[in-house]
Structures are given as C-alpha cells and as structure tokens.
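To start, the structure under review is shown below, and the notes come after it.
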Amino acid sequence: MNENSNINEAITEAPVTGHYQHYFNIDIDQAMFHVMALFIAYIIALPIGIERSRIHSGLGLRTVSIVAMACCAFVLIALNTFTEQSAQAKFFYGILTGIGFIGGGALFKSADGVYGTASAASVWASSAIGVSVALAMVEIALVLSAATTLTLVACSRPNKDSDQQA
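So the sequence shown is numbered by the working numbering: it starts at -18 and just counts up by one.
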C-alpha cells in the first residue's frame, strides 16, 4: 500500500463501537430510531415549554424543546460511541454539568429575592426528558412532563410566578 491510500482510508473511515465504518454508510433502522427518539423528546417536552411561554418567563418552547432534544442526542451519541459504561457515565456527567450551567442562567437575584427557580427546574426536567427518551424509558419522560407541567400550572402564583419580579 502506498501512503496516499492509507491517508484516504483514514479520512473515509471512522471508529464506531470498536470497528471501522464509512462515514456515509448509514444504518437506516438505527437512523430512524434516532430521529424518532429526538422527535419524541421534542413532543414530550412541549407542554413544559408552552406553560413557560404562557407566563412569559423568558424560557419557552424553543429553549425547553432544544434542551430535551440536545440531551437526547448527546445520550444517543454516547451510547453509540462508547462501549464502556465508565466512558458513558463520564459523558452523562458532562451533560448534567452543562444543564446546570444553562439552568443557572435562568436565575436572577434582586433585592427582593431570587427569581427564575421554576424556569431553572424546568430546564433540569426537560434535560431528564431527553435523557429518558434516549435510554428508551419513555414512561419516565411522560410522567416527568405531566408532573412538571401540572406543578407549574397548579402551583403558580395568581399574580406573580416565581420567575417574575414584583
């Protein structure tokens, strides 16, 4: 073999679960599973986003849906890239750290107190929805979405939500 063929092989092949596979050799069944998982994460997170949009909290459909789908995608990537559970666990830890950072961005402190805790918790819940769907635990995602939405709607303050200043 000459040097050019080795370079071409290195460029066109990527490691996937311990063996080499061409970049554009797509497994249709796996691709459909991934697309469906992302779509399901999006749909299940929608009620939380709708509720947050309803009260104009600054967190809404876009953020909640993107967080759920991105977390789902990261978990799918980890499961399909790393065969060792310790490597997958490190990937999941990174997801949780990133979500904590995003949730922290939803918090506001003023002289009257801290606001945005409900939105920060909603980001946390939407990330768990995405992770649950990716791990094929859709029942957890459904219950979490329903319970979170119910809590946000039923326990909101009549004139002031925990996300809104006085």
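Note that the Cβ used here is the ideal one computed from N, Cα and C, for glycine as well.
CB-CB under 6 Å to residue i, same chain, minus the five flanking residues each way: which ones, in chain order?
i: residue 53; result: 18, 19, 22, 111, 114 and 115
i: residue 83; result: 104
i: residue 128; result: none
i: residue 135; result: none
Nearest-angstrom Cα distance between residue i and residue j?
i: residue 81; j: residue 50; result: 16 Å
i: residue 60; j: residue 72; result: 9 Å
i: residue 130; j: residue 32; result: 7 Å
i: residue 77; j: residue 14; result: 23 Å
i: residue 85; j: residue 101; result: 7 Å
i: residue 36; j: residue 8; result: 43 Å
i: residue 62; j: residue 92; result: 47 Å
i: residue 120; j: residue 65; result: 26 Å
i: residue 75; j: residue 109; result: 14 Å
i: residue 42; j: residue 94; result: 26 Å
Give every residue of the same chain whose Cβ lies closer than 8 Å to the Cβ of residue i, excluding the five residues on either side of it in the sequence, and list them in chain order.
i: residue 133; result: 29, 32, 33, 99 and 103
Among the options, which has the Cα closest to the Cα of residue i?
i: residue 24; options: 68, 126 and 58; result: 126
i: residue 137; options: 97, 117 and 124; result: 97
i: residue 11; options: 94, 58 and 123; result: 58
Less than 7 Å between C-beta atoms, sequence neighbours within five positions excluded: which residues of the same chain meet that for residue i?
i: residue 46; result: 23, 26, 27 and 30
i: residue 107; result: 26, 29, 45, 48 and 49
Quickly, what does DSSP pair residue i with across the bridge? List them, please.
i: residue 91; result: 94
4-residue-minimum alpha helix (DSSP H) runs that sit fully inside the stretch 42 to 74, ordered along the chain
For the stretch 42 to 74, whole alpha helix (DSSP H) runs of length 4 or above, ordered along the chain, are 42 to 62.
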